[in-house]
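This report refers to the structure that appears directly beneath it.
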Amino acid sequence: MEDKKIIELFFARSEKALTALADKYGKLCMKVALQILHSREDSEECVNDSYLDVWNTVPPKEPDPLMSYMVKIVRYNSLDCLEHRSAKKRGGGEATVSLEDVALFIGESETPEDIVERQFITDCVNDFLRTLTPADRILFVRKFWFFDTYEELSEISGIKVGTLKSKISRIKESLRAYLCERGVAA
Amino acid sequence: MKDLEFLYAINGIDDEFITEAADDERVKEAFCAEWTEEDESEQTESDTTEEGKPKRKSTKRTHKVSFKKLLLVAVISILLFALSVGVLAKYFDINLRDELYQIFGNDVFIKVEEFGSMIEQEMPKSSDLVVEIEKMGIPKVILPEVLLEEEWLVTDFASPFESKVNISLTNGKMACSVKINHSIYLEKAGYIGRADVKRTESVIVNGIEVIVTEYRAVSLDYAIKEKLENGAISEVAYTLIFYAEEDGQNITFEEALEIAKTIK
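The following block contains the structure:
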């Protein structure tokens, strides 16, 4: 079903909207949540909470594209869940593979703690992404936003896994330097 | 937390990037373009003109590598590698015997198992010990009956290396420690299947039961007798597991029994 049609169902307050949303983006949402939480139970809970969030915000919102709106909510909910879980088990070795992958960026002494600072980093990342070639930008977004594995990236790009790893490593280094210049990273 | 903050921050990236990355057509287009660019640049480098004009010089540089230099680099790398393994081993107090490391190609796998997580958990009773130790891959665990019957509580259960298990126990009145060293057992993988108990005997020494066990056909590559005599394993108050070679080069069962009787 097209996104527009799904939005119409939400506006009509039809529960079919949730089914359609789950059919279309449920798998992607679960993948993203699982990569962050590494727990099927928690991921399902987060994804279900996210459906409810969409239900509560659409209308009045009319998200376009719907996919990124939905997945962003899933990511926020999953990260919140991870944060609460980590706070409970502080020092419990809760690191995920994906977190290890991005373990480079923000200096501990300058950890951004408020939304304004976080937005500043987001803006910096957006600016950085504009400097990349489309292929590199896609690799970055698919790796760190969609949490694709190197094997999945290799499949879509036709690049060998080893080459991909060094390519993504170079992009990460460039981002680190870019953020450094703006006083964000260590 | 710093990584989490980053993940939060990139969550808000512009929709245009997300849409682009999710659009199969655009993804295909982007990578096709990348491949085309690379192909073109390679082609330009190798182009020659039909009119016999000189071939355009490649921008690629060729580095001549001297064999001697290569050899020197290789030797230095090997030395650095050996040094770092040695330093690491010393730092972690790892005894680099055969059973503790294996080499696959260029990788050295050092087997170190820590059972710190067990300490955080509820400790088992002594009657559960055999199962716990067997879970660690140590076969044929023989513990003194007194430990199994009286339900001693395990106060510490640690295995700094795969080949050693240190267990501290208490029954409320007294405490003891049991150290099981099965490194000899593991040293010869081929013997594992044949390492049957040959004979076992318990003696009561100062009211403490000491079990002496001899395994058949297991090689002993260091002198356990010497270790006992110099006190290196004198803390083994309850259980002694001896391994003797059939050719009798090392300690014999009778010798082990005699040593066991002298333990205070």
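Line by line, the protein sequences give chains B and H. Read left to right, the first sequence gives residues 0 to 185 (numbering that gives the first Met the number 0). Read left to right, the second sequence gives residues 0 to 263 (numbering that gives the first Met the number 0). Positions of the beta carbon are idealized from the N, C-alpha and C atoms, including for glycine.
Item to check | Within chain B, partners of GLU24(H) - CB distance below 8 Å | outcome: Simply none; closest approach about 12 Å.
Checklist entry - Roughly how many whole angstroms lie between the Cα atoms of ALA29(H) and LEU178(B)? => result 25 Å
Checklist entry - Using DSSP with H/G/I as helix, E/B as strand and the rest coil, what is LEU131(B)? => result coil
Next on the checklist: Between ILE120(B) and VAL183(B), how many whole angstroms is the CB-CB distance? I'm expecting something under 8 Å.
Outcome noted: 6 Å
Checklist entry - How long is the line joining the alpha carbons of LYS26(B) and HIS83(B), rounded to whole angstroms? => result 24 Å
Next on the checklist: Quick check on DSSP: helix, strand or coil for LYS60(B)?
Outcome noted: In the three-state DSSP reduction, LYS60(B) falls in the coil class, being neither helix nor strand.
Checklist entry - From ASP52(B) to LYS4(B), what does the alpha carbon distance come to, in whole angstroms? => result One C-alpha to the other measures close to 19 Å.
Checklist entry - So is GLY90(B) in contact with chain H if we call contact Cβ pairs under 8 Å? => result At GLY90(B) the pLDDT is 45, less than 50, meaning the model places this residue with poor confidence and gives no usable figure here.
Checklist entry - For ILE12(H), which residues in chain B fall below 8 Å Cβ to Cβ? => result THR121, VAL124, ASN125, LEU128, VAL140 and TRP144, listed in chain order.
Next on the checklist: So for PHE119(B), helix, strand or coil by DSSP?
Outcome noted: helix
Item to check | ILE35(B) - containing alpha helix (DSSP H), residue span | outcome: 15 to 36
Item to check | Proximal residues of chain B, C-beta to C-beta of GLU19(H) below 9 Å | outcome: Against chain B, a Cβ distance below 9 Å from GLU19(H) picks out PRO133, ARG136, ILE137 and VAL140.
Item to check | Coil, strand or helix - LYS142(B) by DSSP | outcome: helix
Item to check | Spatial neighbours of CYS123(B) in its chain, beta-carbon cut-off 8 Å, leaving aside the 5 residues before and after | outcome: These residues qualify, in order along the chain: TYR177, LEU178, ARG181 and VAL183.
Next on the checklist: Comparing C-alpha positions only, which one of GLY161(B), LYS166(B), ARG129(B) and ARG39(B) sits nearest to LEU138(B)?
Outcome noted: LYS166(B)
Item to check | Beta-carbon neighbours of PHE30(H), restricted to chain B and to distances below 7 Å | outcome: ALA134, SER156 and GLY157
Checklist entry - DSSP state of LYS171(B), grouped into three classes? => result helix
Next on the checklist: Distance check for ALA20(H) and SER65(H), CA to CA, integer angstroms please.
Outcome noted: C-alpha separation (whole angstroms): 46 Å.
Item to check | Integer-rounded CB distance, given that LEU8(B) should sit under 8 Å from ALA16(B) | outcome: The pair is a contact, with the Cβ atoms about 4 Å apart (cut-off 8 Å).
Next on the checklist: Here's a check: name, in chain order, each residue in its chain whose Cβ is nearer than 8 Å to the Cβ of LYS164(B), leaving out the five neighbours to either side.
Outcome noted: TYR149
Item to check | Assumed close pair ASP2(B), LEU65(B) - CB separation to whole angstroms, cut-off 8 Å | outcome: 4 Å
Checklist entry - Which residues of chain H have a Cβ atom closer than 7 Å to the Cβ of SER67(B), listed in chain order? => result ASP14, ILE17 and THR18
Checklist entry - Is it buried or exposed for ALA8(H), if we count other Cβ within 10 angstroms and need 16 for buried? => result buried
Checklist entry - Taking Cβ to Cβ, would you say VAL70(B) is nearer than 8 Å to PHE16(H)? => result The answer is no: Cβ separation not under 8 Å.
Checklist entry - Mapping DSSP to helix, strand and coil, what is LYS4(B)? => result helix
Checklist entry - At a Cβ threshold of 8 Å, is LYS71(B) touching chain H? => result yes
Checklist entry - When burial is assigned at 16 or more other CB atoms within 10 Å of the CB, is PHE46(B) buried or exposed? => result It is worth fixing the name first, because residue 46(B) is Val in this sequence and not Phe. Its Cβ being crowded by 16 or more others within 10 Å, VAL46(B) is buried.
Item to check | Closest Cα partner of GLY11(H) within the set ASP41(B), VAL160(B), SER67(B) and ASN55(B) | outcome: SER67(B)
Next on the checklist: By the three-class DSSP mapping on this structure, what secondary structure does LYS124(H) have?
Outcome noted: Strand at LYS124(H).
Next on the checklist: Can you give me the C-alpha to C-alpha distance between SER70(H) and GLU40(B), rounded to a whole angstrom?
Outcome noted: Rather than Ser, the amino acid found at residue 70(H) in this sequence is Leu. Between LEU70(H) and GLU40(B), the C-alpha separation is close to 55 Å.
Item to check | Close Cβ partners of SER49(B) (< 6 Å) along its chain, the five nearest in sequence each way excluded | outcome: ILE72, VAL73 and ASN76
Item to check | The alpha helix (DSSP H) enclosing THR18(H), as first and last residue numbers | outcome: 14 to 21
Item to check | First and last residue of the uninterrupted alpha helix (DSSP H) at SER156(B) | outcome: Here the alpha helix (DSSP H) through SER156(B) covers 149 to 156.
Next on the checklist: Pop quiz: ASN125(B) and ASP13(H) are said to be a contact at Cβ under 8 Å. What is the actual Cβ separation, rounded to whole angstroms?
Outcome noted: 5 Å
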